[in-house]
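Numbering (our numbering) for the sequence shown: 213 to 499.
Report on one structure; see the data block that follows.
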Amino acid sequence: MADQRSVAITGANGYIGSVLTTAFAEAGWRVLPLQRSGARDARKDYVPYSLEDGPGRPLPADLDAVVHCAYDLRARNASAVERVNIGGTAKLLAAAADVPNVVLISSMSAYDGTSQIYGRTKLACERLVTARGGTALRLGLVHGGDDRGMIGSLSRVAGLPLVPVLRPDSHQFTVHADDMARCVISVASRLPIEHRVFGVANPRPVPFREILRTLHDRAGTGRPFRAVGLPAKALYAGLRGAEAVGVRTGFRADSLLGLMHPAPDVPNVTYWAEQGIELRDFAWTVT
Numbered sequence: 213m214a215d216q217r218s219v220a221i222t223g224a225n226g227y228i229g230s231v232l233t234t235a236f237a238e239a240g241w242r243v244l245p246l247q248r249s250g251a252r253d254a255r256k257d258y259v260p261y262s263l264e265d266g267p268g269r270p271l272p273a274d275l276d277a278v279v280h281c282a283y284d285l286r287a288r289n290a291s292a293v294e295r296v297n298i299g300g301t302a303k304l305l306a307a308a309a310d311v312p313n314v315v316l317i318s319s320m321s322a323y324d325g326t327s328q329i330y331g332r333t334k335l336a337c338e339r340l341v342t343a344r345g346g347t348a349l350r351l352g353l354v355h356g357g358d359d360r361g362m363i364g365s366l367s368r369v370a371g372l373p374l375v376p377v378l379r380p381d382s383h384q385f386t387v388h389a390d391d392m393a394r395c396v397i398s399v400a401s402r403l404p405i406e407h408r409v410f411g412v413a414n415p416r417p418v419p420f421r422e423i424l425r426t427l428h429d430r431a432g433t434g435r436p437f438r439a440v441g442l443p444a445k446a447l448y449a450g451l452r453g454a455e456a457v458g459v460r461t462g463f464r465a466d467s468l469l470g471l472m473h474p475a476p477d478v479p480n481v482t483y484w485a486e487q488g489i490e491l492r493d494f495a496w497t498v499t
């Protein structure tokens, strides 16, 4: 269709990327995945892509938007993380120089003063994208869909006989995958008058204990929810020590920092209500 809009999505095989690939297609967009391997459907076109090398061939001239989801979590030290992810964002922006709209999938972990490597790296990527005239969307803790990503890791923790709970004041801002997708499609569909950073999360800070208890109850193990307090600093030191000697525990020390020190608020969250998009509360959407 001549008037069909088109979007390229990096990291299309990841949790967020796969949700967005489906949502854009259902909204009538032509979706071009940018990913390391072929799409699950071998008939679907895709562009070979990596953060290190950028797109494997020039992007189509008729793209309306690029949504940048890709992020390499394999590196552990700050210099490697920044080199791959910030450098990769710069390469993508160069390849997408003629694309009207670029949307960065950022994180609520990205805020001024964060000590988390992931958050600092996302902040640097935000600056690159917004300087180019694009938009950065800071996602809260995404749940729904196939529950991969951080919510999948927390679901596994919540299923333990004794559920570790960090600091009593710890919280997260959350967003359902469907609501998140509506926000991304909305921004990709238009060029905002002001290119800013937007938080994509319900503004209620959900206590970490509530998240774990809800996930535990949803799992239906039949066991009562038994929480045990763990000293967050000691746990962080243990994870860092394990990573230093090459032991992979399934949970990164840097991710723990994001849980221990959440963002203070959701920036520009009222924008979504103005667009007619409801960001539902965690308690309404996870049962």
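Beta carbons are placed, not taken as given, at the ideal position from N, Cα and C, and that holds for glycine.
Any idea if residue i is buried or exposed, counting beta-carbon neighbours within 10 angstroms, 16 or more meaning buried?
| i | result |
| --- | --- |
| residue 496 | exposed |
| residue 332 | buried |
| residue 394 | buried |
| residue 274 | exposed |
| residue 254 | Unreliable placement is indicated for residue 254, whose pLDDT of 42 sits below 50; the coordinate value is still reported in the next sentence. Flag for residue 254 reads exposed. |
| residue 445 | exposed |
| residue 494 | buried |
Just to check my reading of the structure: residue i and residue j have Cβ atoms closer than 8 Å, yes? What is that Cβ distance to the nearest angstrom?
| i | j | result |
| --- | --- | --- |
| residue 326 | residue 352 | Not quite, the Cβ-Cβ distance comes to about 15 Å (not below 8 Å), so this is no contact. |
| residue 397 | residue 317 | Residue 397 to residue 317, Cβ: 13 Å. No contact. |
| residue 272 | residue 258 | That pair is no contact at about 12 Å. |
| residue 373 | residue 435 | 6 Å |
| residue 410 | residue 350 | 7 Å |
What residue range is occupied by the uninterrupted beta strand (DSSP E) comprising residue i?
| i | result |
| --- | --- |
| residue 386 | 386–388 |
| residue 313 | 313–319 |
| residue 439 | 439–441 |
| residue 277 | 277–280 |
| residue 262 | 259–262 |
| residue 222 | 218–222 |
| residue 379 | Per DSSP, residue 379 belongs to no beta strand (DSSP E) and is neither H nor E. |
| residue 411 | 409–412 |
| residue 244 | 242–247 |
How about residue i and residue j: do their beta carbons lie closer than 7 Å?
| i | j | result |
| --- | --- | --- |
| residue 491 | residue 414 | yes |
| residue 354 | residue 277 | no |
| residue 221 | residue 233 | yes |
| residue 320 | residue 449 | no |
| residue 261 | residue 267 | yes |
| residue 335 | residue 343 | no |
| residue 357 | residue 231 | yes |
| residue 308 | residue 314 | yes |
| residue 433 | residue 371 | yes |
Of all the CB atoms in chain B, is at least one closer than 7 Å to the CB of residue i?
| i | result |
| --- | --- |
| residue 272 | In the structure shown, chain B cannot be found, because there is only a single protein chain. |
I need the straight-line Cα distance from residue i to residue j, nearest angstrom please.
| i | j | result |
| --- | --- | --- |
| residue 501 | residue 426 | The chain is shown from 213 up to 499; residue 501 falls before or after that span and cannot be answered. |
| residue 251 | residue 441 | At residue 251 the pLDDT is 49, less than 50, meaning the model places this residue with poor confidence; the figure from the coordinates comes in the next sentence. Between residue 251 and residue 441, the C-alpha separation is close to 42 Å. |
| residue 361 | residue 337 | 20 Å |
| residue 300 | residue 291 | 13 Å |
| residue 367 | residue 392 | 20 Å |
From which residue to which residue does the alpha helix (DSSP H) around residue i run?
| i | result |
| --- | --- |
| residue 357 | Segment: none, residue 357 is in no alpha helix (DSSP H) and carries neither H nor E. |
| residue 300 | 290–307 |
| residue 231 | 227–238 |
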